[in-house]
Structures are given as structure tokens and as C-alpha cells.
Amino acid sequence: MRNLRITCCAILTVCVLATLTACAGSGAHTRSELPPRHSIAELKDEPFAVVHDPWESFNRHMYKFDYYFDKYLFLPAVRGYEFVTPVFLQDRISNFYNNIAEVRNFTNSAFQLKGKDSVKTLGRFVTNSTIGLGGLFDPASKLGLERNYQDFGKTLGYWGVDSGPYLVLPIFGPSSVRDTGGLLVDSGITYGIYTLVDPFRGADNEFAVTAGIETLNAVDTRHQQSFRYYESGFPFEYYLVRFIYHEKREIESGKAGKDQSGPQ
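What follows is the structure, given as C-alpha cells:
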């Protein structure tokens, strides 16, 4: 229940930020209509037609929802954040949240029994948490300890779990049944660790502070992503994004070339 209240508050805060910055952000993206819908029959011989997508109608509607959410809520909030926050501070905030994410990278490297990657990721976290002043700076990269992005969806793929049907999630965007399950596991682990540590336990304003941190994390995450819906210039963007996401995840989990993810 506490986690649900935090999430609702975070979304509400994003909505307020979006409302306050709508005037500044509305001129940056003037297109109000979506490109016309196309049929997969037009592309039946193309490689991105083979991705298993039995829920295409639902996914298309969710893709459109994500477009509108992004355009009218998320991106205005991000533009407002970028407008009022100096670039130097933006970089420090991004480094801080990226450093926290090393916990997820470490646990999943360990789940995949990748000892070398686990040690390197732990070294990154310790280095940036100490020399990097709590993760605000990234001296680990300069020392050759590059970030190794991992999540439980990749872990499942590494151990042979098929991606399953393609799935577009609200707000989170392109995913699959496997990666959605992985997202839930990673979120559960993160929440469990936070509950165990809980640096604000007992504080009078614990809920407000936690909600603020989660909201800033969401805004910073979108700030770091360059993807913009319907700006690829490709008339069949839904299929293109679906194919790229699927292939990228298969390559990252080491399953590319082992199978074709069409309907079984």
C-alpha cells in the first residue's frame, strides 16, 4: 500500500510539473495527429513482420496512449526540468541514479553467474559511491570500469526463457511477457532493498521525500532517453520499433540466432 501511494504521488507530481511547463513546451512539438495506420500485409516479406505479436490491437492502442502521455505529460515535465536545472546539476543527478541502478546490474550479473562482470559492477558501485561522492561523479569509467547494463529480463533470456509475445506497457513502452516479468522482479528487489535500508525511516516528511525522489528518478530517466514517438520518419514506426526492441533484447540475452520468435 505504501508503494502504491508513493507511485500515485509521483505520477501526480509529474502531472503538476507538466501543467506548469505546458506553455513553454507546447511549441516544441506542434504535430497533433498521428500518422495513418498501416497493415502488416503491406510488409509481409519484411523481417520485422515475424515478431510474435498476438495482441497487436491492444499494443497499438497502448503505443498511442504512450505517445499522448509522453507528448502532453512526460516531455513537458522533462523540458521544464531541463529549463530550470543547470546542465552540471543534471549530470550529477543522472550519475546518482545510475549509480543506484548498479545494484540491479550487480544482482543480475550474479544471477547469470558472471563472476567477472559482478566484480566489475561491484567495483564501479564502491568507487563511485566513495571517490565519486555518493555517485554524483563517475570516476569508475575513467578507471576502465565501464557500466554493464543488466536486468532480470536479460537474466531470464540468458537461462533460455523465450521472450514470449510482444507487449507494449503503459508509460514503460515496448516490452515482452518475459521482460515484463523481469521488470516486476527487479522492482521487487529494489523495493525490498530500499525498505531494508530506508534512510528516511521515522522522518516526519518521509512520504513526501520518497515521492519526490521517485518522481525525480522518473523525470531523469526520460531525460536520458533520446527516443521520441513518431519522430523516426518511418511510415511503419510501430513495426520498426517492435522489431528493433525484439532483436536488441535477443542479442543482449545471447539468444539471437538461436530461434525465430514467430508464432509457435
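Just so we're aligned: the sequence shown equals residues -24 to -1, 1 to 240 in mature numbering (1 follows the signal peptide of the UniProt record, and there is no 0).
Virtual Cβ for every residue (Gly too), placed ideally from N, Cα, C.
Collapsed DSSP secondary structure at residue i in the structure displayed
| i | result |
| --- | --- |
| Cys(-2) | Here the model assigns Cys(-2) a pLDDT of 39, short of 50, so the residue's position is not dependable, and the following value carries that caveat. Here Cys(-2) sits in helix by DSSP. |
| Tyr170 | helix |
| His5 | A caution first: His5 carries a pLDDT of 41, below 50, which makes its placement in the model unreliable, though a value can still be read off. The answer is coil: DSSP assigns His5 none of H, G, I, E or B. |
| Ser208 | coil |
| Asp138 | coil |
| Tyr125 | coil |
| Leu160 | helix |
| Phe34 | helix |
Boundaries (first-last residue) of the beta strand (DSSP E) holding residue i
| i | result |
| --- | --- |
| Pro150 | 149 to 152 |
| Val144 | 142 to 145 |
Residue i, enclosing alpha helix (DSSP H) - first and last residue
| i | result |
| --- | --- |
| Val95 | 91 to 106 |
| Val27 | No alpha helix (DSSP H) contains Val27, which DSSP labels as neither H nor E. |
| Leu192 | 182 to 200 |
| Leu216 | 213 to 228 |
| Asp67 | 63 to 76 |
| Gly133 | 128 to 134 |
| residue 261 | Within the shown structure, residues of the chain are numbered from -24 to 240, placing residue 261 beyond reach of any answer. |
| Lys118 | 115 to 118 |
Close-in-space but distant-in-sequence residues of the same chain around residue i (CB under 6 Å, 5 per side omitted)
| i | result |
| --- | --- |
| Lys130 | Glu228, Ser229 |
| Ser2 | At Ser2, the pLDDT of 40 sits below 50, so the modelled position is not reliable; the number obtained from the coordinates is stated separately. The answer is none, since no qualifying residue turns up. |
| Leu121 | Lys96, Gly99, Arg100 |
| Asp155 | Gly129 |
| Asp93 | Ser85, Asn124 |
Proximal residues to residue i (C-beta, below 7 Å), its chain only, five neighbours per side dropped
| i | result |
| --- | --- |
| Val27 | Tyr142, Arg218, Phe219, His222, Ser237 |
| Gln88 | Thr131, Tyr134 |
Sequence-distant residues of the same chain with beta carbon closer than 8 Å to residue i, five excluded per side
| i | result |
| --- | --- |
| Asn74 | Gly111, Asp114, Arg123 |
| Phe72 | Gly110, Gly111, Leu112 |
Cβ separation of residue i and residue j, assumed to be a contact under 8 Å, to the nearest whole Å
| i | j | result |
| --- | --- | --- |
| Val195 | Tyr57 | 5 Å |
| Gln126 | Asn193 | 18 Å between Cβ atoms; not a contact. |
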